[in-house]
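Everything on this sheet refers to the single structure shown next.
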Amino acid sequence: MADFGMAIMTQEYAKQAAKEAEKQQQIDKAVQQDCLDAINKVANDIVSVYPDISEIVTTHLGLENDPQTRRFLEFVATATSFASMKFVERLRNIPELVGSIKRLLIEMMKEIKEFSDIANELQDLIHCFIKLVVNTKQNMTLVMAPLQESIDHMEIIADALSPNSDKSLENRDKEDIELALQGMSCGIEKLLQLARTSKQESSNLDEKINVMKKNIQEKRIVVEGRLEIAKCAPWLEAAGGGFAGFLVGDALVAGPILGSAGAIIIGGIAFPPVLAIIAAALVGGALVGSIVYLVKKLWARHNRKALAYLNEVLKLLVKLSDANLYFCNYMARAEAGASKILNETSQIQRTITTGSERYRKINARICTEAIQSTNEMITCIKEIVQIDMSEWSSSSAVLSFASSSSKAESSIKAIKN
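Take 7 as the starting number for the sequence shown in our numbering and just add one per residue.
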């Protein structure tokens with residue numbers, strides 16, 4: 007009786023095992039068929055939209071030679087080929103698909119490093135501008151005292167040349183005038199040299215700013231083109247939706263949540279841990295999400311952030327350019343004013359020895375004009391010295407862009423690994 011009972015139990019276990027095996031086969035077939043349907047739908051959408059992507063590449067300046075766009079289109083081509091394969095072939099070609107994605111991620115990481123270099127370059131330009139203005143302000147402050155003295159000298163000259171005076175210029179008067187002109191010319195020449203040097207440095211800085219602005223504008227056009235490609239790829243959204251429909255229960259996972267010793271089994275095929283996440287992404291969207299949707303999401307988000315970053319950098323460059331132009335205009339005023347004063351004093355020096363009453367009146371008028379020009383110059387210098395540099399002394403905005411890029415780079419590294 008015991009043997010008979012054992013035989014009955016064995017038969018029951020065998021029947022139960024056969025039912026479970028048949029049920030598993032049905033599940034595997036259903037999973038495979040659903041996956042085929044989803045991938046085939048995506049494949050058709052890829053083929054239909056690919057010409058639109060090619061048109062965007064040819065119409066947007068810089069996209070044809072953009073490594074990141076090239077890597078993305080390589081991923082598109084790989085995904086198209088992958089989708090046209092049979093199910094088992096697709097699973098075996100997952101490493102190729104993963105490779106195309108990794109190459110795209112590497113280009114994105116390179117661009118993040120490029121953004122860090124852009125931040126450093128902008129930082130250098132700002133520091134150069136700050137140094138230029140601060141040094142000029144200090145030197146202008148040193149010139150103020152000689153300019154004030156030059157007014158005293160010119161007042162002496164004006165008094166000696168006064169048309170109201172009925173006395174002719176004596177040798178002593180001429181010596182006083184000559185000494186006054188020499189003292190005045192010394193201070194004005196220092197100011198003129200300072201204004202010319204600062205103006206030239208400001209002009210050189212403006213050239214560097216314009217070069218960087220041009221590079222940023224070209225880069226922005228490329229990023230805008232990438233976003234156009236992302237918008238022109240609805241099949242990526244379809245892929246995400248199609249693959250995300252598969253439940254974790256449809257794929258049997260061995261090991262603790264795809265741990266180091268785990269493997270995923272789909273349709274009777276076991277994948278090692280290296281490919282487990284990718285395979286799960288293709289047929290177990292609820293587990294880690296669709297790999298195709300992930301690429302679209304990551305790439306589009308990266309380029310949206312890139313565009314926002316480039317726009318902010320461009321705003322700062324425009325602001326820096328305006329501030330530098332404002333400063334350069336001050337230097338031009340200082341240069342023009344100093345040149346005018348030197349011309350006026352030079353004219354007096356050339357004619358001071360003549361005894362002509364006519365030249366005496368002319369020189370008196372020129373001297374009065376020189377005093378006025380010098381006062382205007384002093385006012386200009388005071389305005390230069392009072393230029394507010396507090397907003398440029400803090401570079402927190404530029405540094406925040408760099409730190410944001412570092413966070414993005416860490417995220418991409420985590421995904422890539």
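We put the CB at the ideal spot given by N, CA and C, even for glycine.
#1: Can you find at least 3 beta carbon pairs, one from the segment 187 to 196 and one from the segment 147 to 158, that sit closer than 8 Å?
#2: Looking only at its chain, what residues have a beta carbon closer than 8 Å to the beta carbon of Gln-22, apart from the 5 residues adjacent to it on each side?
#3: Could you check whether Lys-196 and Val-149 sit closer than 8 Å to each other, using their CB atoms as the reference points?
#4: Do Ile-162 and Ala-186 have their C-beta atoms closer together than 8 Å?
#5: Under the rule that 16 or more other beta-carbon atoms within 10 Å means buried, what is Glu-26, buried or exposed?
#6: Identify, in the order they occur along the chain, each residue of the same chain with its Cβ nearer than 8 Å to the Cβ of Ala-414, setting aside the five sequence neighbours on each side.
#7: Apart from the five residues on each side of it in sequence, which residues of its chain come closer than 8 Å, Cβ to Cβ, to Glu-375?
#8: Report the CB separation of Lys-320 from Ile-132 in whole angstroms; it is logged as a contact under 8 Å.
#9: Considering only the alpha carbon of each residue, which of Asp-165, Asn-335 and Ile-387 lies closest to Asp-212?
#10: Using the three-state DSSP reduction, which class does Asp-182 fall into: helix, strand or coil?
#11: Return the residue from the list Gln-206, Gln-74, Glu-70 and Thr-385 that minimises the CA-CA distance to Met-115.
#12: For Glu-26, which of helix, strand or coil comes out of DSSP?
#13: Once the 5 residues before and after Lys-225 are set aside, which same chain residues still bring their CB inside 7 Å of it?
#14: Please classify Met-395: does DSSP put it in a helix, a strand, or coil?
#15: For Ser-3, which of helix, strand or coil comes out of DSSP?
#16: Three-state secondary structure (DSSP) at Glu-155?
#17: Which residue from Leu-79, Glu-70, Asp-72 and Ala-24 puts its Cα closest to that of Cys-238?
#18: Quick check: the Cα distance between Glu-382 and Arg-202, rounded to an integer number of angstroms?
Well, looking at it:
#1: yes
#2: none
#3: Cβ distance < 8 Å, so Val-149 and Lys-196 count as in contact.
#4: Yes; because the gap between Cβ atoms is below 8 Å, this pair is in contact.
#5: exposed
#6: With a pLDDT of 44 at Ala-414, under the threshold of 50, the predicted position of this residue should be treated as unreliable, though the coordinate-derived value follows. When the five nearest sequence neighbours on each side are left out, the beta carbons in the same chain lying within less than 8 Å of the beta carbon of Ala-414 are those of Ile-118, His-308 and Lys-311, in order along the chain.
#7: Glu-350
#8: The sequence given here places Leu at residue 320; Lys does not occur at that position. Rounded, the Cβ-Cβ distance is 14 Å, inconsistent with contact.
#9: Here the closest residue by C-alpha is Asn-335.
#10: helix
#11: Gln-74
#12: helix
#13: Leu-316
#14: Looking at Met-395 - three-state DSSP - the assignment turns out to be coil, as it is neither helix nor strand.
#15: Since the first residue shown for the chain is 7 and the last is 423, residue 3 is missing from the structure and cannot be characterised.
#16: Three-state result, Glu-155: helix.
#17: Leu-79
#18: 18 Å
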